[in-house]
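Worksheet for the structure shown next.
Protein chains: 2
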Amino acid sequence: MPAAGPRCPGGRRRLPVLRWLPSYSLAWLQLDVMAGLTVGLTVVPQALAYAEVAGLPLQYGLYSSFMGCFVYCFLGTAKDVTLGPTAIMSLLVSSYAFHEPVYAVLLTFLCGCIQLAMGLLHLGFLLDFISCPVIKGFTSAASITISFNQVKNLLGLQGIPRQFFLQVYETLWRIGETRVGDAVLGLTCLAVLAGLRAMKNSLPQASRGEPLAARVSYLIVWTSATARNALVVLFAGLVAYSFQVMGSQPLTLTGSIPRGLPAFRPPRFSMDVPNGTIPFRSMVEDMGVGLAVVPLMGLLETVAIAKAFASQNDYRIDPNQELLALGFANVLGSFVSSYPITGSFGRTAVNAQSGVCTPAGGLVTGALVLLSLAYLTSLFYYIPKAALAAVIISAVVPMFDAGIFRTLWRVKRLDLVPLCVTFLLCFWEVQYGIVSGVLVSGILLLYSIARPPIKVSEGDVLLVQLGSNLHFPAMECLRDAICSHALAASPPRSVILDCCHISSIDYTVVVGLEELLQELGKHGLSLAFCSLQDPVLQVLLAADLEGFQHFPSREEAERWGGAEPGGSGAVPFTSTGESSLLPTGLIQ
Amino acid sequence: MPAAGPRCPGGRRRLPVLRWLPSYSLAWLQLDVMAGLTVGLTVVPQALAYAEVAGLPLQYGLYSSFMGCFVYCFLGTAKDVTLGPTAIMSLLVSSYAFHEPVYAVLLTFLCGCIQLAMGLLHLGFLLDFISCPVIKGFTSAASITISFNQVKNLLGLQGIPRQFFLQVYETLWRIGETRVGDAVLGLTCLAVLAGLRAMKNSLPQASRGEPLAARVSYLIVWTSATARNALVVLFAGLVAYSFQVMGSQPLTLTGSIPRGLPAFRPPRFSMDVPNGTIPFRSMVEDMGVGLAVVPLMGLLETVAIAKAFASQNDYRIDPNQELLALGFANVLGSFVSSYPITGSFGRTAVNAQSGVCTPAGGLVTGALVLLSLAYLTSLFYYIPKAALAAVIISAVVPMFDAGIFRTLWRVKRLDLVPLCVTFLLCFWEVQYGIVSGVLVSGILLLYSIARPPIKVSEGDVLLVQLGSNLHFPAMECLRDAICSHALAASPPRSVILDCCHISSIDYTVVVGLEELLQELGKHGLSLAFCSLQDPVLQVLLAADLEGFQHFPSREEAERWGGAEPGGSGAVPFTSTGESSLLPTGLIQ
Numbered sequence: 017m018p019a020a021g022p023r024c025p026g027g028r029r030r031l032p033v034l035r036w037l038p039s040y041s042l043a044w045l046q047l048d049v050m051a052g053l054t055v056g057l058t059v060v061p062q063a064l065a066y067a068e069v070a071g072l073p074l075q076y077g078l079y080s081s082f083m084g085c086f087v088y089c090f091l092g093t094a095k096d097v098t099l100g101p102t103a104i105m106s107l108l109v110s111s112y113a114f115h116e117p118v119y120a121v122l123l124t125f126l127c128g129c130i131q132l133a134m135g136l137l138h139l140g141f142l143l144d145f146i147s148c149p150v151i152k153g154f155t156s157a158a159s160i161t162i163s164f165n166q167v168k169n170l171l172g173l174q175g176i177p178r179q180f181f182l183q184v185y186e187t188l189w190r191i192g193e194t195r196v197g198d199a200v201l202g203l204t205c206l207a208v209l210a211g212l213r214a215m216k217n218s219l220p221q222a223s224r225g226e227p228l229a230a231r232v233s234y235l236i237v238w239t240s241a242t243a244r245n246a247l248v249v250l251f252a253g254l255v256a257y258s259f260q261v262m263g264s265q266p267l268t269l270t271g272s273i274p275r276g277l278p279a280f281r282p283p284r285f286s287m288d289v290p291n292g293t294i295p296f297r298s299m300v301e302d303m304g305v306g307l308a309v310v311p312l313m314g315l316l317e318t319v320a321i322a323k324a325f326a327s328q329n330d331y332r333i334d335p336n337q338e339l340l341a342l343g344f345a346n347v348l349g350s351f352v353s354s355y356p357i358t359g360s361f362g363r364t365a366v367n368a369q370s371g372v373c374t375p376a377g378g379l380v381t382g383a384l385v386l387l388s389l390a391y392l393t394s395l396f397y398y399i400p401k402a403a404l405a406a407v408i409i410s411a412v413v414p415m416f417d418a419g420i421f422r423t424l425w426r427v428k429r430l431d432l433v434p435l436c437v438t439f440l441l442c443f444w445e446v447q448y449g450i451v452s453g454v455l456v457s458g459i460l461l462l463y464s465i466a467r468p469p470i471k472v473s474e475g476d477v478l479l480v481q482l483g484s485n486l487h488f489p490a491m492e493c494l495r496d497a498i499c500s501h502a503l504a505a506s507p508p509r510s511v512i513l514d515c516c517h518i519s520s521i522d523y524t525v526v527v528g529l530e531e532l533l534q535e536l537g538k539h540g541l542s543l544a545f546c547s548l549q550d551p552v553l554q555v556l557l558a559a560d561l562e563g564f565q566h567f568p569s570r571e572e573a574e575r576w577g578g579a580e581p582g583g584s585g586a587v588p589f590t591s592t593g594e595s596s597l598l599p600t601g602l603i604q
Numbered sequence: 017m018p019a020a021g022p023r024c025p026g027g028r029r030r031l032p033v034l035r036w037l038p039s040y041s042l043a044w045l046q047l048d049v050m051a052g053l054t055v056g057l058t059v060v061p062q063a064l065a066y067a068e069v070a071g072l073p074l075q076y077g078l079y080s081s082f083m084g085c086f087v088y089c090f091l092g093t094a095k096d097v098t099l100g101p102t103a104i105m106s107l108l109v110s111s112y113a114f115h116e117p118v119y120a121v122l123l124t125f126l127c128g129c130i131q132l133a134m135g136l137l138h139l140g141f142l143l144d145f146i147s148c149p150v151i152k153g154f155t156s157a158a159s160i161t162i163s164f165n166q167v168k169n170l171l172g173l174q175g176i177p178r179q180f181f182l183q184v185y186e187t188l189w190r191i192g193e194t195r196v197g198d199a200v201l202g203l204t205c206l207a208v209l210a211g212l213r214a215m216k217n218s219l220p221q222a223s224r225g226e227p228l229a230a231r232v233s234y235l236i237v238w239t240s241a242t243a244r245n246a247l248v249v250l251f252a253g254l255v256a257y258s259f260q261v262m263g264s265q266p267l268t269l270t271g272s273i274p275r276g277l278p279a280f281r282p283p284r285f286s287m288d289v290p291n292g293t294i295p296f297r298s299m300v301e302d303m304g305v306g307l308a309v310v311p312l313m314g315l316l317e318t319v320a321i322a323k324a325f326a327s328q329n330d331y332r333i334d335p336n337q338e339l340l341a342l343g344f345a346n347v348l349g350s351f352v353s354s355y356p357i358t359g360s361f362g363r364t365a366v367n368a369q370s371g372v373c374t375p376a377g378g379l380v381t382g383a384l385v386l387l388s389l390a391y392l393t394s395l396f397y398y399i400p401k402a403a404l405a406a407v408i409i410s411a412v413v414p415m416f417d418a419g420i421f422r423t424l425w426r427v428k429r430l431d432l433v434p435l436c437v438t439f440l441l442c443f444w445e446v447q448y449g450i451v452s453g454v455l456v457s458g459i460l461l462l463y464s465i466a467r468p469p470i471k472v473s474e475g476d477v478l479l480v481q482l483g484s485n486l487h488f489p490a491m492e493c494l495r496d497a498i499c500s501h502a503l504a505a506s507p508p509r510s511v512i513l514d515c516c517h518i519s520s521i522d523y524t525v526v527v528g529l530e531e532l533l534q535e536l537g538k539h540g541l542s543l544a545f546c547s548l549q550d551p552v553l554q555v556l557l558a559a560d561l562e563g564f565q566h567f568p569s570r571e572e573a574e575r576w577g578g579a580e581p582g583g584s585g586a587v588p589f590t591s592t593g594e595s596s597l598l599p600t601g602l603i604q
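Order-wise, the sequence lines are chains H and A.
For the first sequence, our numbering begins at 17 and goes up steadily by one.
For the second sequence, our numbering begins at 17 and goes up steadily by one.
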């Protein structure tokens, strides 16, 4: 796929398919079909499993798995990315959709609209405010929550509540009710998946020079490791079917899944309940912050994955176009009863490793999902729940990163605060965790802006240096520091303010500096500025402060400071201050 | 009053009365009593008028006017400040207390508790995030809203709604119903007040050398100008009383005010209504953001006024102690049916000009208010509403600052955005105006942090300089800028990142830099850092990034950059990068 330059003409920019379709070749087709099939074999069992995480009937996992592939093929800018249901998104959906398909589908529609609006308004930069510790805290907590959520299926326990703490308590309390068949099968699947995963990671690269036998065995190992989810589910289904034929069933099965494709119709904007109808407005209120968290997390996953693979495979993506693609995929998805989808790291990696050349691979994946829905749902009856649980657990466990706590302790301890806040609160409610984490890292950020490092060098003239930029919340602090140092000493001293690190100032800072000039002036002291950057100097000159004087460098300011009473030192640029900016204040 | 050092012992710090009481003298007493009386003559008519603004029965203005004086005498750190009802606070109370005394008193209690909690937690720094344009926008809008709110009383119109836009519409529509008596009296009072105010401002300083007659006439003019509110109200009351005696009454009168002091009892935590009781929880929900806006604006006014007069009269205040004093005044005030109070600029100025020496002047003011409540309420019956309206209008009109728009246009145009947002939305609802203004200035602040100025100098080696500090929201932007410049050129170039303006970095930045090092490394390019400040260098060394190299100065980095292929240039400090920080990402 050719690199997408930032300045391609409008049509090709908005419809990236036009960039690669004209040069599409048979060799690409071959690789795309192979990759699409491999991803399809991964997505079908994952879709069923993630629908379980989302608390929805299992067919909704499949309903969510094809539209994203089709839409991304036309609108996506990264060849490797595949959109579809993911563990994180499923966890979020289980919080915000209350296990009601009508809510989930409406959430998809609204989430898509919000993502489209964000894309059109170029709001992708909002992602920058989700810091790394928050993401790590969330994914680590989600990995634990989702894994533990599946322990009940792995052990065949029934009627376990969904709230995490109750779940842990009930699962441990009722561990004696474990069904042996489920547990044995589940743990076996888990072990096989872990083994295949480890095998794949340690697989040496096959080279063309090796004998045929070696290359064939390499291909077999590679394929079985890559399609391990499908293989494990197939194997477990066969076991369950054999038991069924023999007349005894020690396993908990998935049960019947409605056959056929979902109807193409707009999402429902109200929901019928036994005693009336829940109107659109109440549904939106019920979803609450979910309407911010779901679109943002969806976007975050997609962009993060697209960037990671773009960097690995040397092409560039357009984050805003990704946002539009994801928004369209969700809006159209809501017409086929999809729940919110996003980029999947695991399947994108499978796609890349299978050597996909263009997003056309998604067409094959989507078709495979549609075929499964049309013809295979009756076979899904026999899939044991424990096998799906094993698929999920082996997918989410690597998301847990215990090392991050040690790393942050070593590198930047303050960042442990947003990490721990997010991590711990995510166990309570996912949205509280993420929102609090973002707020905490925002507060730390604002605090560091409001309290910049101020270095005061004592001397005949006080030399004050700001360690960073000067924004309005820091003005009071600077003013207090200068006043207390300049006026506390006996005799009081004039001040040189070294502004070399200040790249812009706002009106509040200008007013604060004017008040400072006046306060020092009342004691016969002066305040000189040095090393002003051009934009700052222009603002200060426009403000026409009384007694404003500045020097190009600190050395000249110091020469002036040392010679001040005499007057033979450097000559400052001064201002007469004809107009005053001082606010009249809150007069009563 | 002696200056309050920042390190006085605990007791004197928490109970500032102990600082000045031991050295109290008769000369001080004389001046304090005079000042207290003058402020008292101002506060009584203002209290009645502001209660009207707050939409409460007029006696609540007086109930709110004495506790603050008493409490501040013991806990305040500024000799000039007087606490009591103010125009701004009354406007806020009218929005949040729904013209219900029970709500207003509960709001006082909660507001006091929040201010106390903020004082104990040292949260006074939150004020720093209310920028100057927001304050100006709010006070200018409040000045218009409050003035227009009084036009109906000035003209004697009845049954005008309180919502600003409806009020303007109805007032203009029904201007024909103006009562001549009210209008004539009101406009006369307004003219007299404006005249006395102008006279006072142009009054030359009396000097001891002048003849007695000149000094006496100066004193008369000064007193009548300072106590102008009381004089005008007294004069208007006499006019009204004369009409009453003559049997015809062309004026709208205040009407009867319950006599006597308020009972000392805790505020009510629920409210009885015709069809039941409003519980505490519902009342709190009704007040909503008022519980944040009222304490913060109260604090803002008090601290701003205290700082202004401390600077004028050369003493220092302790903002946290001011917060505690204000909190106590409100909590105790709620026991005597006060509505929320704060520092009053106008009366503080009167206090200062009357030569007050210690906060003891407040005791006299408070006593005068108590005496009025005990004995004068029957006389208040005759005060014409138009006269009170004139008192309010002449107090709030100077708060409007038309020049701010021009000044901001000249000095910093971007700051017009929060100003206009606050100004315009305050007409709709005060809280929307303030909250939106704070949010808008916060967003502008965060945006400037997320998009720092990046200067790229082309050459054999790319020299990238950040104009300001590097916080996590800016990392993606920096990474994109470096990648697009370094990799887009042919051949790709190594990069020197000049970090002289960076005073601290967080973990997200570290991860971003590591990814950048890897991405450039994959193309055989290097990224060298120069001019690292010590804290930044320590974090980067602790992170142990692979391929990390740094130089003390830009010149050395450039020497290295120029000589890179050969290797005879400066030798960088490098790191082996034994451990990796890279997040495993959102694996599915």
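We treat Cβ as the ideally placed atom computed from N, Cα and C, and that holds for glycine.
For residue j and residue i, believed in contact at Cβ under 8 Å, the rounded distance
i             : j                : result
valine 480/A  : isoleucine 470/A : 6 Å
serine 272/H  : tyrosine 397/H   : 5 Å
alanine 345/A : valine 87/A      : 4 Å
alanine 252/H : alanine 67/H     : Between alanine 67/H and alanine 252/H the Cβ distance is about 17 Å, and since that is not below 8 Å, they are no contact.
Residue from the options with nearest C-alpha to residue i
i               : options                                   : result
glutamine 369/A : Leu53/A, Leu37/A, Ser41/A and Leu34/A     : Leu53/A
leucine 462/A   : Glu445/H, Pro489/H, Gly292/H and Glu562/H : Pro489/H
alanine 63/A    : Leu137/A, Leu342/A, Ala230/A and Ala411/A : Ala411/A
leucine 316/A   : Leu548/A, Val150/A and Tyr66/A            : Val150/A
tyrosine 523/H  : Phe421/A, Glu492/A and Val525/A           : Phe421/A
cysteine 442/H  : Gly77/H, Val309/H, Ser353/H and Leu47/H   : Val309/H
serine 354/H    : Leu31/H, Val407/H, Phe439/H and Ser106/H  : Ser106/H
leucine 660/H   : Ile333/H, Pro375/H, Ala341/H and Ala497/H : For chain H, the structure presents residues 17 to 604; residue 660/H sits outside this window and is missing.
leucine 395/A   : Ala51/A, Ala558/A, Arg231/A and Thr270/A  : Thr270/A
Within chain A, the residues that residue i reaches when beta carbons sit closer than 9 Å
i               : result
histidine 566/H : Neighbours of histidine 566/H on chain A: none; closest Cβ ~16 Å, over 9 Å.
Contacts of residue i in chain H (Cβ-Cβ under 7 Å)
i                   : result
tyrosine 523/A      : Cys148, Pro149, Leu424, Val427, Lys428 and Asp431
phenylalanine 141/A : Ala466
leucine 494/A       : Neighbours of leucine 494/A on chain H: none; closest Cβ ~11 Å, over 7 Å.
glycine 483/A       : Ser519
Contacts that residue i makes with chain A (C-beta to C-beta distance below 8 Å)
i            : result
valine 527/H : Cys148
Pairs of beta-carbons, one from the segment 384-397 of chain A and one from the segment 63-82 of chain A, closer than 8 Å: are there three or more? Contact between the segment 384-397 of chain A and the segment 63-82 of chain A is present: 3 or more CB-CB pairs across the two stretches fall below 8 Å.
Interface positions of the segment 338-353 of chain H facing chain A (Cβ-Cβ less than 8 Å), listed along the chain: So the list is empty, because no residue satisfies the distance condition.
Members of the segment 550-574 of chain H that neighbour chain A once the beta carbon cut-off is set at 7 Å: If the cut-off is 7 Å between Cβ atoms, the segment 550-574 of chain H has Val555, Ala558 and Ala559 near chain A.
Could you please tell me which residues of the segment 144-178 of chain H, in chain order, have their CB closer than 8 Å to any CB of chain A? Asp144, Phe145, Ser147, Cys148, Pro149, Ile151, Lys152 and Thr155
Quick one: any contact between the segment 107-120 of chain H and the segment 276-294 of chain H, if contact means 3 or more CB pairs under 8 Å? yes
Is the segment 319-334 of chain A in contact with the segment 361-368 of chain A, if contact means three or more CB pairs nearer than 8 Å? The segment 319-334 of chain A vs the segment 361-368 of chain A: in contact.
Does the count of Cβ pairs from the segment 223-232 of chain H and the segment 292-300 of chain H closer than 8 Å reach three? no
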